[in-house]
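Enquirer: Under our numbering, the first residue of the sequence shown is numbered 3, with each subsequent residue one higher.
All C-beta atoms, glycine included, are put in the ideal place defined by N, C-alpha and C.
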Amino acid sequence: MSIEKESPAPTAAPAIDARGLTKRYEDGVRRREVVSDVSVVVPQGALWVLRGPSGSGKTTLLGLLGAMVTPTRGEVIVCGEPLSRLRDHHRTRARRRLVGFVFQELALVPGMTLTENVLLPLVPEGGATNAQRAHAAALLERFGLTAFADTRIERLSGGERQRGAVARALVLSPPVLLLDEPTAHLDAARVLEVVAMLAALRDEGRTIVATTHDPRLADSASVDRVLDLADGKLVEN
Ligand SMILES: Nc1ncnc2c1ncn2[C@@H]1O[C@H](COP(=O)(O)OP(=O)(O)OP(=O)(O)O)[C@@H](O)[C@H]1O
Ligand SMILES: [Mg+2]
3 MSIEKESPAP TAAPAIDARG LTKRYEDGVR RREVVSDVSV VVPQGALWVL
53 RGPSGSGKTT LLGLLGAMVT PTRGEVIVCG EPLSRLRDHH RTRARRRLVG
103 FVFQELALVP GMTLTENVLL PLVPEGGATN AQRAHAAALL ERFGLTAFAD
153 TRIERLSGGE RQRGAVARAL VLSPPVLLLD EPTAHLDAAR VLEVVAMLAA
203 LRDEGRTIVA TTHDPRLADS ASVDRVLDLA DGKLVEN
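Written as structure tokens, this is what we have:
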């Protein structure tokens with residue numbers, strides 16, 4: 003009887019490898035560096051929080067980490083893909099596959115139903131297949147939204163919209179999920195629900211980074227690490 007040796011698992015690339023990310027905005031004669039030389043490696047399957055006061059650069063850095071914002075200097079490699087080095091068209095396609103993004107203002111489209119909103123990321127891919135429609139329905143069920151599948155966005159509560167935006171960000175099954183202030187304007191019970199949802203998604207192997215200045219999220223035991231940002235720079239803690 004021969005004993006087959008398992009080959010060692012390939013070393014997984016980090017979920018996010020950010021190197022020297024810098025973002026400078028120029029308006030007229032004024033130049034402002036809003037993110038300065040941020041290097042950070044986020045491992046796969048982690049739930050991290052990016053914390054800092056208003057204006058410290060959290061949203062900008064989150065955009066840089068997900069290659070939604072083009073860095074002035076530095077680069078970001080997501081799951082081994084050097085996203086910031088790819089040209090626009092390729093970067094957009096790769097990013098859509100790798101990163102789900104939940105905006106602070108959610109960016110759901112009023113006048114459309116919840117299901118139509120959740121399927122929106124599939125439009126540039128040529129529309130939803132039956133399997134993708136089934137996946138979207140399963141996501142709505144997971145987040146307790148099945149009853150609202152055909153409801154227009156403007157009829158949903160804040161918490162329902164929040165969960166709908168997460169469902170939309172997951173419809174392409176990206177390994178990385180980025181959320182900007184996911185607990186803003188939610189009451190205490192809803193905050194606990196959001197934290198539990200993020201922890202469950204992390205426990206399935208996804209990598210999650212959320213910005214916040216909400217201690218109810220940042221101080222949660224479910225969070226693996228808190229990065230503090232001040233004036234666009236990471237603060238050692
Ligand atoms: N497109 C832009 N053009 C010029 N300046 C910008 C732009 N986007 C952001 N900024 C500036 O960069 C700084 C950081 O903004 P950012 O939105 O990243 O902060 P934040 O930490 O997310 O703040 P908040 O907690 O209020 O959401 C701010 O001073 C903002 O005015
Ligand atoms: Mg912000």
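Return yes when at least one heavy atom of ligand 1 lies under 7 Å from the C-beta of residue 218, else no.
Expert: Here residue 218 refers to the residue found at position 216 of the sequence shown. Not so, every heavy atom of ligand 1 lies at least 7 Å from the Cβ.
Enquirer: With DSSP collapsed to three states, give me the class of residue 86.
Expert: Residue numbering aside, residue 86 sits at position 84 when the sequence shown is read from its first letter. Residue 86: helix per DSSP, three-state reduction.
Enquirer: Measuring only between beta-carbons, confirm whether residue 152 sits less than 8 Å from chain D.
Expert: Note that chain D does not occur in the displayed structure, where there is just one protein chain.
Enquirer: Starting from the N-terminal end, write out each residue whose C-beta falls within a distance shorter than 5 Å of any non-hydrogen atom of ligand 1.
Expert: Output, sorted by chain position: 27, 36, 56, 57, 58, 59, 60, 61, 62.
Enquirer: Excluding five sequence neighbours on each side, which residues of the same chain lie with their C-beta closer than 6 Å to the C-beta of residue 235?
Expert: Start at 1 with the first residue of the sequence shown, and residue 235 comes out as number 233. Counting only Cβ-Cβ distances below 6 Å, and skipping sequence neighbours, we find 38.
Enquirer: Can residue 104 and residue 178 be called in contact, C-beta distance under 8 Å?
Expert: For the purposes of this step, residue 104 is identified with residue 102 of the sequence shown, where counting begins at 1. For the purposes of this step, residue 178 is identified with residue 176 of the sequence shown, where counting begins at 1. Contact: no.
Enquirer: Please state whether the Cβ-Cβ distance between residue 210 and residue 203 is less than 8 Å.
Expert: Position 208 of the sequence shown, counting from 1, holds the residue named residue 210. Position 201 of the sequence shown, counting from 1, holds the residue named residue 203. It is a contact, given that the beta carbons lie within the stated cut-off.
Enquirer: Since residue 218 is in the alpha helix (DSSP H), which residue starts that stretch and which ends it?
Expert: Residue mapping note: residue 218 aligns to position 216 of the sequence shown, counting from 1. Run containing residue 218: 217 to 220, per the alpha helix (DSSP H) assignment.
Enquirer: Under 8 Å by Cβ, that's how I've got residue 99 and residue 172 pegged, so tell me the actual separation to the nearest angstrom.
Expert: By one-based count along the sequence shown, residue 99 stands at place 97. By one-based count along the sequence shown, residue 172 stands at place 170. That pair is no contact at about 12 Å.
Enquirer: Where DSSP assigns a beta bridge to residue 250, which residues make up the other side?
Expert: The chain is shown from 3 up to 239; residue 250 falls before or after that span and cannot be answered.
Enquirer: Are residue 154 and residue 122 close, meaning C-beta to C-beta below 8 Å?
Expert: Counted from its first residue, the sequence shown places residue 154 at position 152. Counted from its first residue, the sequence shown places residue 122 at position 120. No, these two residues do not count as a Cβ contact at 8 Å.
Enquirer: Whose C-alpha, out of 182, 137, 45, is nearest the C-alpha of residue 56?
Expert: One-based indexing of the sequence shown puts residue 56 at position 54. Residue 182 is the option with its Cα nearest to residue 56.
Enquirer: Please determine, among 83, 187, 117, the residue with the shortest C-alpha to C-alpha distance to residue 68.
Expert: In the sequence shown, residue 68 corresponds to position 66, counting from 1. Nearest of 83, 187, 117 to residue 68, Cα basis: 83.
Enquirer: Less than 8 Å separating the beta-carbons of residue 26 and residue 62?
Expert: Position 24 of the sequence shown, counting from 1, holds the residue named residue 26. Position 60 of the sequence shown, counting from 1, holds the residue named residue 62. Against a cut-off of 8 Å, the Cβ pair of residue 62 and residue 26 comes out as no contact.
Enquirer: Take residue 163 and list the residues in its own chain whose beta-carbon comes closer than 8 Å to its own, dropping the five residues that flank it on each side.
Expert: Position 161 of the sequence shown, counted from the first residue, corresponds to residue 163. Cβ neighbours of residue 163 beyond the five flanking positions: 108, 110, 155.
Enquirer: Using the three-state DSSP reduction, which class does residue 208 fall into: helix, strand or coil?
Expert: Counted from its first residue, the sequence shown places residue 208 at position 206. DSSP places residue 208 in coil when its eight states are reduced to three.
Enquirer: Taking only runs of the beta strand (DSSP E) that begin and end inside the segment 123 to 153, which ones reach a length of at least 3 residues, in chain order?
Expert: Taking only runs of at least 3 residues, no beta strand (DSSP E) segment lies wholly in the segment 123 to 153.
Enquirer: Which residue wins for smallest C-alpha separation from residue 187, given the options 65, 126, 48, 160?
Expert: In the sequence shown, the residue the question calls residue 187 occupies position 185. Nearest option by C-alpha distance: 160.
Enquirer: Taking just the CA atoms, how far does residue 64 sit from residue 224?
Expert: Here residue 224 refers to the residue found at position 222 when the sequence shown is read from its first residue. Here residue 64 refers to the residue found at position 62 when the sequence shown is read from its first residue. Going from the Cα of residue 224 to the Cα of residue 64 covers about 20 Å.
Enquirer: Alpha carbon to alpha carbon, how far is residue 91 from residue 128?
Expert: Numbered from 1 along the sequence shown, position 89 holds the residue referred to as residue 91. Numbered from 1 along the sequence shown, position 126 holds the residue referred to as residue 128. Roughly 15 Å between the two C-alpha positions.
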